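For reference, the structure is listed below as structure tokens.
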Amino acid sequence: MHRFYSRLLYAGLLVARILFSVLPSYIHPDEFFQSSEIAASDILKVTGHRTWEFSSQAPVRSIVPIYLYAGMPMFILSFFSVTPWTLFYGSRIFMALLSFVVDLSVYRVVGKRKWTMLLLASSYCLVLFHVHTFSNAFASVVLSVCFLLLKRVESGGGCFLLGVGLALGSFTHIAFPMFAWPLGLACLAALVSALRSGSLTTRGLVLRVAGLAAGGVLTALGLVVADSLYYGSLRWNGAEFPYVSGSLTFTVLNNLSYNSQHDNLAAHGIQPRYLHALVNMPLLFGPLYILALVKLWVFLRSDKQGTGYVGMAAAGSVMSGVVLLSLAPHQEARFLLPALPGLAIGIGRWQYLASRYFWWMWITFNGALFIVFSMHQAGVVPVVVYLSESVWTHAQCRYTGTDALCRQGGVLGTELTTRVYLVSTYLAPRHLLAQPVDRSMARARVDLVDLVGLETEEIRDILGGSVHVNETLVRSSQNELVFRRTTDTHYER
18 MHRFYSRLLY AGLLVARILF SVLPSYIHPD EFFQSSEIAA SDILKVTGHR TWEFSSQAPV
78 RSIVPIYLYA GMPMFILSFF SVTPWTLFYG SRIFMALLSF VVDLSVYRVV GKRKWTMLLL
138 ASSYCLVLFH VHTFSNAFAS VVLSVCFLLL KRVESGGGCF LLGVGLALGS FTHIAFPMFA
198 WPLGLACLAA LVSALRSGSL TTRGLVLRVA GLAAGGVLTA LGLVVADSLY YGSLRWNGAE
258 FPYVSGSLTF TVLNNLSYNS QHDNLAAHGI QPRYLHALVN MPLLFGPLYI LALVKLWVFL
318 RSDKQGTGYV GMAAAGSVMS GVVLLSLAPH QEARFLLPAL PGLAIGIGRW QYLASRYFWW
378 MWITFNGALF IVFSMHQAGV VPVVVYLSES VWTHAQCRYT GTDALCRQGG VLGTELTTRV
438 YLVSTYLAPR HLLAQPVDRS MARARVDLVD LVGLETEEIR DILGGSVHVN ETLVRSSQNE
498 LVFRRTTDTH YER
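Under my numbering, residues 18 to 510 are what the sequence shown spells out, in order.
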């Protein structure tokens, strides 16, 4: 009976993750502008804002991982009618389903340990952060699969796929190798141990190491070629006898070069190097982080017999990720999301969790942080959707000098722009307006102008120089919107 209730609780947590994924919380602009904004613009041909990471001469973001976790829902939606809410819900629900891979991988590694699975499923990091389209969340998913593949290596296979996973994760986010290199080292150690025990021949060792290297090299090469074609540095030429010309684009090296310069990091914010260890890890994992430190101390003082290479890789992954990321002066909490699989696997393999006090602290911690982050900037997305729905695709206008009074219905012969200024909010995701890039398909549209970070005087100057409609017409018009003419065929408000 106790096992039945545990399974029922776990199933409820999985369902809750899907339901909570559609909350309009907005944690950081990168969840849109490094993923779904680009994917929606490319696949659905809607307007979007391309940040410097994708438009510079040295792009720093690989496009293939983005298409895997943010482009897939856009591709599915391309077969249906696209609305702002379907764009938002589609991406979030897909990420929620993708987060189940973390649960499955940890379960396959640690076995039937209900406390570990309940611990993982109740973490607000998995329930909230992992359902947002962060590259760090996808990196965490890839790393969890790599742990599962490492266990297969212990059983006699999985080397090639492990190489594929390590390469894919490295192109997903620059922080991934800092968590993943202990897995590669554990793989080699497991193979050498098998050779010494006689369960693996020298030829078998060479083949498996070659498989690991081939998986990594071939995947990296494929991703480099895909990035080069996407960013235009490599081009297909010829019709009858096609060939390629140009140069290769190495987004990982560009990213590393950019982040190695202190001035570049200063533009994003400089934090003390102890922030990850003393603030961000407790912020993300709370009591689990404290418990992991205790277990780690016990683990380091033990003889480590029976721990297994996966358990040692889990401990090494968390320690390595925190230490190496702490060397950089720019430290954001979401960079540590890939620590979650290692923490869950490490705790699950070291000891059962049964402390009543721990669980009370765990529930209180995750409940409080979930409430905080689920309401964070939660008004931005609904506002963008409302603006999109307020635009008329069909309107009938009457003209009075420099003004146009428009009501819904009829055929729109002029271009109408509603310019909206946003102050003291995160950047608003443009793709949620669901406006086609082709202006002829939607002559009435919304133009979002972000005034984030500007001083009050600068904001006043911008608003003072904007288009002002006739206030008398606004007060006297009924069920009509008033626009001011800016060109012969364009009106704005």
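We put the CB at the ideal spot given by N, CA and C, even for glycine.
All figures in this text were calculated on a predicted structure; none of them were measured in a lab.
- Using a Cβ distance threshold of 9 angstroms, F146 and F390 count as a contacting pair.
- Of F21, G107, G384 and Y22, the smallest CA-CA separation from P41 is found for G107.
- Apart from the 5 residues on each side of it in sequence, A156 sits with its Cβ closer than 6 angstroms to the Cβ of G186, T189, H190, F193 and P355 in its chain, given in chain order.
- Judged by beta-carbon spacing, A284 lies beyond the 9 angstroms limit of V339, meaning their Cβ atoms are not closer than that value.
- D467 has its alpha-carbon roughly 27 angstroms from the corresponding atom of L422.
- Non-local beta-carbon contacts of D244 in its own chain, meaning distances under 7 angstroms to residues more than five positions away in sequence, involve S79, I80, T266 and T268 in chain order.
- For E475, no beta strand (DSSP E) run applies; the uninterrupted alpha helix (DSSP H) run containing it begins and ends at T473 to G481, by DSSP.
- Note on geometry: alpha-carbon atoms of G384 and N297 lie some 17 angstroms from one another.
- C-alpha of G65 to C-alpha of I35: approximately 26 angstroms in a straight line.
- A direct Cα-Cα distance of roughly 7 angstroms separates A345 from R290.
- Collapsing the DSSP output to three states places R436 in a strand.
- Burial of F500 is indicated by the presence of at least 16 other C-beta atoms within 10 angstroms of its C-beta.
- Sequence-distant Cβ neighbours of L313 in its own chain, meaning closer than 7 angstroms and more than five residues away, are A332.
- In the DSSP assignment, N276 falls within the unbroken alpha helix (DSSP H) covering T268 to N276.
- Assignment of beta strand (DSSP E) within the stretch 222-255, counting only whole runs of 3 or more residues, yields 251-254 in chain order.
- Using a C-beta cut-off of 8 angstroms, the stretch 124-133 makes no contact with the stretch 472-483, since fewer than three inter-stretch Cβ pairs fall below that distance.
- C163 is bridged by DSSP to nothing; it lacks a bridge partner.
- Taking a C-beta distance under 9 angstroms as the contact criterion, L357 and V119 qualify as a contact pair.
- Residue state for H285 is assigned as helix, using DSSP reduced to three classes.
- Taking C-beta atoms as the reference points, S161 and V123 count as a pair closer than 9 angstroms.
- For a cut-off of 8 angstroms, the C-beta gap from L360 to V335 is around 6 angstroms, short enough to register as a contact.
- Here the alpha carbon of L292 sits roughly 10 angstroms from the alpha carbon of L300.
- In its chain, beyond the 5 residues on either side, T434, R436, V484, F500, R501 and T503 have a beta carbon closer than 7 angstroms to the beta carbon of E509.
- For E54, there is no enclosing beta strand (DSSP E); the residue is found in the alpha helix (DSSP H) stretching over E54 to I60.
- Checking the DSSP bridge columns, you'll see T431 has no partner listed.
- Here DSSP, grouped into helix, strand and coil, assigns Y43 to coil.
- For R424, the secondary structure class from DSSP, reduced to helix, strand or coil, is strand.
- Pairing V159 with S116 gives a Cβ-Cβ distance that is not under 9 angstroms.
- DSSP, read as helix, strand or coil, puts A192 in coil.
- Between W377 and the set A350, T419, L305 and E432, the nearest pair of CA atoms involves L305.
- Judged by their CB atoms, L217 and L200 are not nearer to each other than the 9 angstroms cut-off.
- Note on A230: under 16 other CB atoms within 10 angstroms of its CB, so exposed under the neighbour-count rule.
- The residue from A197, A451, Y22 and T506 with its alpha-carbon nearest to that of S58 is A451.
- One thing to note: G286 has its Cβ no nearer than 9 angstroms to the Cβ of G328.
- Taking 9 angstroms as the cut-off, the Cβ atoms of S139 and I380 count as close.
- Nearest to D280 by alpha-carbon distance, out of A237, H347, V226 and L270, is H347.
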